[in-house]
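What follows is a set of notes on a single structure, which appears directly below.
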Amino acid sequence: MRVNFTVNGRQQEADDVWEGESLLYVLRERMGLPGSKNACEQGECGSCTVRLDGVPVCACLVAAGQVEGREVVTVEGLADFAKQRAEHGGCASGACGTPLQEAQRWRADPAKGAMDSGTGEVGGGNPDATLSPIQQAFIDAGAVQCGFCTPGLLIAADEMLEHNPQPTDADIREALSGNLCRCTGYEKILDAVRLAAARQDRQGLQEGAV
Amino acid sequence: MGSTRTTGVPTKLTQGSQTKGGIGESTLRPDGTLKVTGEFAYSSDMWHEDMLWGQTLRSTVAHAEIVSIDTSEALAQSGVYAVLTYDDLPAEMKKYGLELQDTPVLAHGKVRHHGEPVALVAADHPETARRAAAKIKIEYRELPLVTDEASATAPGAVLVHEGRDDEYIKHVPHPNIVHRQPIIRGDADEAAKKADVVVRGEYTFGMQDQAFLGPESGLAVPAEDGGVDLYVATQWLHSDLEQIAPVLGLPEEKVRMTLSGVGGAFGGREDISMQIHACLLALRTGKPVKIVYNRFESFFGHVHRHPAKLYYEHGATRDGKLTHMRCRIVLDGGAYASASPAVVGNASSLSVGPYVIDDVDIEAIALYTNNPPCGAMRGFGAVQACFAYEAQMDKLAAKLGMDPVELRQLNAMEQGTLLPTGQVVDSPAPVAEILRRVKSRPLPPERQWESSEGADVRQLPGGLSNTTHGEGVVRGVGYAVGIKNVGFSEGFDDYSTAKVRMEVINGEPVATVHTAMAEVGQGGVTVHAQIARTELGVTQVTIHPADTQVGSAGSSSASRQTYVTGGAVKNSCELVREKVLELGRRKFGTYHPAWATAELRLEGGKVVTDGGEVLGDLVDVLEDESVEVEAEWRHRPTEPFDLRTGQGNGHVQYSFAAHRAVVEVDTELGLVKVIELACAQDVGKALNPLSVLGQIQGGTTQGLGVAVMEEIIVDPKTAKVKNPSFTDYLIPTILDTPTIPVDVLELADEHAPYGLRGIGEAPTLSSTPAVLAAIRNATGLELNRTPVRPEHLTGTA
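In order, the protein sequence lines correspond to chains A and B.
Whatever position you read off the first sequence (first residue = 1), add 711 for our numbering.
Whatever position you read off the second sequence (first residue = 1), add 7 for our numbering.
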């Protein structure tokens, strides 16, 4: 079958989709967007969390056909999504654009070159990358180890901060309880979300003062 | 490979305190941005034009003869390119294994455990491959099962492996025992006479899964030269290579491995999983083949932590001095050996814990059974022992009427203590101090779930299930401490290799570090860049992808990579530095006498004297030359343990952590909420303090998991796994995990690079017994098994 849907703001068309394929499979194997992860493929770990019409869902539990005509945001589009939300005062619909070429520049390349090591300053690696506040906070707080849970956690945490900008620790734990992490013991993930909330708060105060 | 080995003696230097981003700073991960944008390419993200999907067919029974295999219907499916069984294996060598080559690439004649690979399919879509695999017809004739020590060693017991000819068969008492390591020191019988109190216990440790999130996966691409390029997630590229090449019938240089992104490991990637299978399918079909396990298959695709039965006896005088210890540790290795021999060595040599006991009688064995194969997992034999000896310490303290922490401190080992193996602990061992630190920390407030708005159920046992508002909830506090060896022990040649290059790029000096170290999330790549900055005085460091084009780095396990590959990077940097200074002397030595007379260091991109005078820019010294060194580096040698007495200098370094657990238990429903899990650990030197905390908190949480929730349940009647999913095998969520305050000590080990200590595993040891101790403290129950389930707390087991 053919599925038409919007991914990171760009209209997409997936051909020859077998009816049993999940949204996760189509994103990873047909769209060249492997950022959403395949840790359990049974809806238990949250590593494949994406926004579907604004709602965080496990992409592994969504049949590809179900996204016909709908809007999906993945971790690859999170930075732009957050940027446009900040500029336009929220974009919960999920229709916050990433051009196709950009959306596909993450296609995994087995012959990927060397990693540039940062100097420890904000941003770590690629100095050109524009990150959303939650992405930057995950790096700064040391919330990333193996990183396999990270994309799902970023989508979930970003969504929580969208409707609850000043969460308590109990709020954070509740909002992220569907996302398993095996490396960190979650302490640095809590730090990262607190950090993103505090920076957002500070930015809000500064804007309010202007 | 054009490697350069040098023997030059480095100039005496006081190197590196001034360069930004060096060791001791919490620099950020070089792969952080890639990982938060979804750009980081994990092994399951690999993609190649025209690639096929591989699928493994696994046995549905635990122990059976294979009467027949019929692949014809599977082969006839549209979209199927190949179906392989044992008969299709191309080389003489058809087995592999970490320590013993006892594991068939595909089952031959019989299967020995549930989920053993029997056949492979390659097809153009993963679902086509799955459906074709389901059409392979296998007829089994079931055999009697070996599931525990009794059935393994009973007269006439069926042998899991017939005709063993490995090095261990000579000294084991039964062919269903992989390895046995006794340790005898002093005279336990005589010393027992001095004991005023004796405590005995029989303990059970459940089977834990590493549960790394990134499933086993990779891509094999056939090459024009008849070889294969393999992109895969592993812990040790070169060990994989040594096992893969012979069964493919290829020389090692024709199997080129590159590490792809690794989604966690924790021991579970030390063994081969899909590597050989993907290569076989790629070579057979001439097309790239990707294999990605789903979570169900992942539970069968790697070894687990050995479940264990542990029998302990401790004696003490009335004033609390330990007199003797006897113990027997029975580890279930399952159907194939994997790392069982080394796990036995660890379990026995660390079975006394971090305590001084002169008279001991120790025996550890690993069984061959028809249960799932078990091997490496974080803590590696020391975890099971720590659970038991710490339970014994609490039992002993109760019997003596002593404080459990004081009893531990009274008997705590320290630098200079003699281990039961006769080895001297020759670096700091602050066991009493880390216990003091966790104990002196203020306790979290009582009834913290209570507020003016009523009970916050999220902070109570049962959580959002809303099972209590505080009724029936009692609090308990428990302590534990452990000892873990660092690095490979028992005489293993534990080395690593680093290639370091220095050159000028875009007008700036840049160092490139190339090792085969598997970055599995621990942050080795971060630390390598820090070491290069410290040693070479540069800002820009490039970390080359890990592959087999450079010498072995050894395994990312045994808490060893920062020590050993970190040591190798440091060593190669020192050799590069010496060459750079030679170059400087040749070019500029005549202009300034200090080139010949002063102690020199590299700092901020310059050559500087110990007095701080700048002699020149690295850019001018190097110009268009690049200086490169590839060199091996090894830690102090160790010795094997004597097979009868267990004596020998078997370990190179130790790591110590202590925990205090605070729990609240709903005694009516048997639900446990861990409120806080405080840790103190000596790390020698924190090369990256932020990463150190991440390791300690992550390790602590895996220990918590096996205390209250994580267990692979194997049906004793069928030896089949009952819960291979994240629905039924539970790992801690953010709601299950408490605050983990950490106290880091830095007492340098003078034998190790920068004084550092391997840190990854120690926190996994003491976390579990501390939680168990706290639950015992809350409930008054004896609790001799882990994990604890609700029925163990409510008396309904």
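Note that the Cβ used here is the ideal one computed from N, Cα and C, for glycine as well.
As the structure is a computational prediction, the values presented were derived from the model and not from experiment.
With a Cβ-Cβ cutoff of 8 Å, do residue i and residue j count as a contact?
i: A:Cys756; j: A:Leu872; result: no
i: B:Asn784; j: B:Ala398; result: no
i: B:Gly341; j: B:Ser566; result: no
i: B:Gln466; j: A:Ala886; result: no
i: B:Leu821; j: B:Glu259; result: Since the first residue of chain B shown is 8 and the last is 804, residue 821 of chain B is not available in this structure.
i: B:Arg641; j: B:Asp501; result: yes
i: B:Lys42; j: A:Val761; result: no
i: B:Ala560; j: B:Ile550; result: no
i: B:Gln688; j: B:Ile441; result: yes
i: B:Ala315; j: B:Ala487; result: no
i: B:Met716; j: B:Pro770; result: no
Kindly identify the DSSP beta-bridge partner or partners of residue i.
i: B:Tyr210; result: B:Leu317
i: B:His331; result: B:Gly322, B:Asp366
i: A:Cys769; result: A:Thr760
i: B:Arg482; result: B:Glu671
i: B:Glu72; result: B:Lys117, B:Arg148
i: B:Asp624; result: B:Lys613
i: B:Ile184; result: B:Leu374
i: B:Gly61; result: B:Ala129
i: B:Met509; result: B:Ala518, B:Val634
i: B:Gly3; result: Any property of residue 3 of chain B remains undetermined from this structure, which presents chain B solely from 8 to 804.
i: B:Pro468; result: In the DSSP output, where bridge partners are listed per residue, B:Pro468 has none listed.
Please tell me whether residue i has its Cβ less than 8 Å away from any Cβ of chain A.
i: B:Val751; result: no
i: B:Asp617; result: no
i: B:Arg36; result: yes
i: B:Phe47; result: yes
i: B:His132; result: yes
i: B:Arg508; result: no
i: B:Leu697; result: yes
i: B:Gln84; result: no
i: B:Ile747; result: yes
i: B:Asp247; result: no
i: B:Gln455; result: no
i: B:Val269; result: yes
i: B:Ala553; result: no
i: B:Ala349; result: no
i: B:Met8; result: Reliability fails at B:Met8, whose pLDDT of 31 lies under 50, so the model's placement of it is uncertain and the value that follows must be treated cautiously. Not closer than 8 Å to any Cβ of chain A, the Cβ of B:Met8 fails to qualify, so no.
i: B:Asp463; result: yes
i: B:Pro222; result: yes
i: B:Asn513; result: no
Looking at chain B, is there any beta carbon in it that lies within less than 8 Å of the beta carbon of residue i?
i: A:Gln877; result: no
i: A:Gly805; result: Confidence in A:Gly805 is poor, its pLDDT being 37 and thus under 50, which makes the residue's placement unreliable; the coordinate value appears in the next sentence. Cβ-Cβ to chain B under 8 Å: no for A:Gly805.
i: A:Gly720; result: no
i: A:Asp899; result: The question names Asp, but residue 899 of chain A in the sequence shown is Lys. Interface residue, yes.
i: A:Arg713; result: no
i: A:Ile850; result: yes
i: A:Phe859; result: yes
i: A:Ala881; result: yes
i: A:Pro821; result: Below a pLDDT of 50, predicted positions are generally treated as unreliable, and A:Pro821, at 37, falls in that range; the measurement from the model is reported next regardless. True, the Cβ-Cβ gap to chain B drops below 8 Å.
i: A:Leu842; result: yes
i: A:Val728; result: no
i: A:Thr830; result: The predicted model places A:Thr830 with a pLDDT of 35, which falls under 50 and marks its position as unreliable; any figure quoted below should be read in that light. Yes, contact with chain B.
i: A:Val784; result: no
i: A:Ser888; result: yes
So residue i packs on residue j, CB below 8 Å; how close in whole Å?
i: B:Gly479; j: B:Thr674; result: 5 Å
i: B:Gly485; j: B:Leu779; result: 7 Å
i: B:Gly61; j: B:Lys406; result: Actually they do not touch by this definition, with Cβ atoms about 58 Å apart.
i: A:Ala852; j: A:Asp791; result: Wrong, their Cβ atoms sit about 22 Å apart, outside the cutoff.
i: B:Val527; j: B:Ala272; result: 4 Å
(message) Against chain A, which members of the segment 186-201 of chain B pass a CB distance test of less than 8 Å?
(response) none
(request) Taking only beta carbons into account, state which residues of the segment 720-742 of chain B come closer than 7 Å to chain A, listed in chain order. (result) Ser732, Phe733, Thr734, Ile738, Thr740, Ile741, Leu742
(request) Quick one: which residues of the segment 38-67 of chain B get their C-beta closer than 8 Å to a C-beta of chain A? List them in chain order. (result) Asp38, Gly39, Thr40, Leu41, Lys42, Val43, Thr44, Gly45, Glu46, Phe47, Ala48, Tyr49, Ser51, Asp52, Met53, Trp54, His55
(request) Compile a chain-ordered list of the residues in the segment 740-763 of chain A whose CB is closer than 8 Å to at least one CB of chain B. (result) Glu740, Gly743, Leu744, Pro745, Gly746, Ser747, Lys748, Asn749, Ala750, Cys751, Glu752, Gln753, Glu755, Cys756, Ser758
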